[in-house]
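Everything below concerns the one structure shown next.
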Amino acid sequence: MSSSLDKVTIKGFKSIQTLEDFKLNALNIIVGANGAGKSNFIAFFKLLSALIDGNLNRFIRDSGGANDLLFGGPKVTKKIEFSTRFGMRGFRFNLVATPSNAAAIEDEARYYSGGSSRWWNLGDSSEGVSNMVSEVKRNTPDAKYSRPVYEAIASWKIYHFHDTSSTAPMRGEEIIQDNKVLRWDASNIGAFLLKLKNDYQSEYKDIVNAIKLVTPFFDEFLLEPFKRGEKEVVNLTWLQKGSDYPMQPYHLSDGSIRFICLATALLQPNPPATIIIDEPELGLHPAAIAILAELIKATSERTQVVVATQSPELINYFSIEDIIVANRKDGASTFNRLKEEDYQEWLEDYSVGELWNKNIITGGPVNE
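Heads up, the sequence shown is in our numbering, so the first residue is 232 and it goes up one at a time.
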């Protein structure tokens, strides 16, 4: 997993005042109470993805403006600092608020620990456009140093399957050509699964088998394209056991369709360098959470996984050293990876989730 994110430094971003050289493993389960900072850590991945896509200032605008991203506001924090390491390579930059409440990039640099290990300065950008991204897109002679980091971040997928309502995109139809990657909200899940069914039969079968473990009445997807005007589209049609009547996406419960999306994201044949999932346990039956945990662990053997949760039920299935606890202290978020030796005696009698519920693992709601 050479393209995985090994270390991250975040300073002055939302509730994260200082997080320096924080190590990420192949599997990272972030747990914490509401408001502890889990979502702000996930927002770091969203911001870097927006930077790579050329949409940084759209992200800034949609987040309320640059001043709203500064820890404690502009009177407390003057700039946001980000630094990342991907094996031998690295990427860093600072963000400062402009008079229009957009963001400018300062001190952008890339790192390579080859023959001459050093940070190479890429300069500033008042327009909020990354010079590293420009370097890669223009394919300059130095682009070879930036491209591995660019491609790793560009591949990141931050999945958010919370909307399972009757009008949720995952329950709709999509053109069959929209099948290259599973979208963040699974809006193209029918087209994506159709491609897997045709071209990646082993992985498709694994997805179907996982769904059957959680949804016993489920038999198979139909995924039959049909015409919608001039376009050929597909949706998540399926069969239940003992019937040949084609069931529609609206026949699936919220928990069932969310698990279908999760299983597809985790078992996809060509996963991104890092998969980030926010609160995957929502609406799932305890038996489904057990299967979900197994899928997360299996996926972390193929690619890096970051999961944010507040479910004791989910963290029960992981090693204590997979767990990162988010807390708030004096208004600032802290993140600490647990160590087995600190809880060895407790783990002889209690599960990880039970230690969380008993507040032995400190991270529940607190009054500052």
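Glycine included, C-beta positions come from ideal geometry on N, C-alpha and C.
Judged by DSSP secondary structure, R316 falls within the beta strand (DSSP E) whose first and last residues are I311 to F317.
The beta-carbon separation of S357 and A340, rounded to 17 Å, does not stay under the 8 Å limit for a contact. The criterion of a C-beta distance shorter than 8 Å is satisfied by V536 and T530.
When the alpha-carbon of E455 is set against those of T495, F449 and P477, the nearest one is in P477.
If the five residues before and after M363 are omitted, its C-beta is found closer than 7 Å to the C-beta atoms of F322, E339, R341, L353, S377 and Y381, all from its own chain and listed in chain order. Annotated three-state conformation of Q471 is strand, per DSSP. DSSP places E339 in the uninterrupted beta strand (DSSP E) bounded by A334 to Y343.
The beta carbon of L578 lies closer than 8 Å to those of I551, E571 and L586 in the same chain, with the five residues before and after it left out. Between the beta-carbon of S314 and that of T240 there is about 4 Å, and that keeps the pair under the 8 Å contact cut.
Taking C-beta atoms as the reference points, A328 and P305 count as a pair closer than 8 Å.
Its Cα nearest to that of D237, the residue F253 stands out among F244, F253, K245 and S246.
Going by beta carbons, N588 and P543 fall inside the 8 Å limit.
The residue among S348, L497, L513 and Y343 with its C-alpha nearest the C-alpha of L526 is L497.
When the beta-carbon positions are compared, I555 and T495 stay at least 8 Å from each other. Around the beta carbon of G243, a 10 Å sphere encloses 16 or more other beta carbons of the protein chains shown; the residue is thus reported as buried.
Under the DSSP definition of a beta bridge, V262 partners with T540 and V556. Judged by DSSP in its simplified three-state form, I247 adopts strand. By the C-beta criterion, the region 428-446 is judged to be in contact with the region 473-492, since at least 3 inter-stretch pairs fall below 8 Å. Counting only the Cα atoms, L427 lies some 14 Å from E451. With a cut-off of 8 Å on Cβ pairs, the region 459-474 is in contact with the region 400-408, counting three or more such pairs. Selection A422, T398, G263 and D416 evaluated against F457 yields A422 as nearest (Cα-Cα). DSSP links W350 through a beta bridge to Y342.
Scanning its chain for C-beta atoms nearer than 7 Å, with the 5 sequence neighbours on each side dropped, one finds around L278 the residues F290, in chain order. Taking a contact as a CB-CB distance under 8 Å, the pair L258 and D553 counts as one, their CB atoms being some 5 Å apart. Straight across, the Cα-Cα distance linking R533 with L326 is about 33 Å. One alpha carbon belongs to E337, the other to A297, and they sit about 14 Å apart. For G421, the secondary structure class from DSSP, reduced to helix, strand or coil, is helix.
At the C-beta level, E434 and Q499 come within 8 Å of one another. In this chain, the alpha helix (DSSP H) harbouring L278 covers K269 to D284.
Apart from the 5 residues on each side of it in sequence, S487 sits with its Cβ closer than 7 Å to the Cβ of T446 in its chain, given in chain order. If the five residues before and after I546 are omitted, its C-beta is found closer than 7 Å to the C-beta atoms of I260, V262, T540, I554, V583, G584 and W587, all from its own chain and listed in chain order. Note that the C-beta distance between A383 and F317 is below 8 Å. The beta carbon of Y481 is closer than 8 Å to those of S397 and R402 in its chain, skipping five residues each way along the sequence. A direct Cα-Cα distance of roughly 44 Å separates L425 from Y581.
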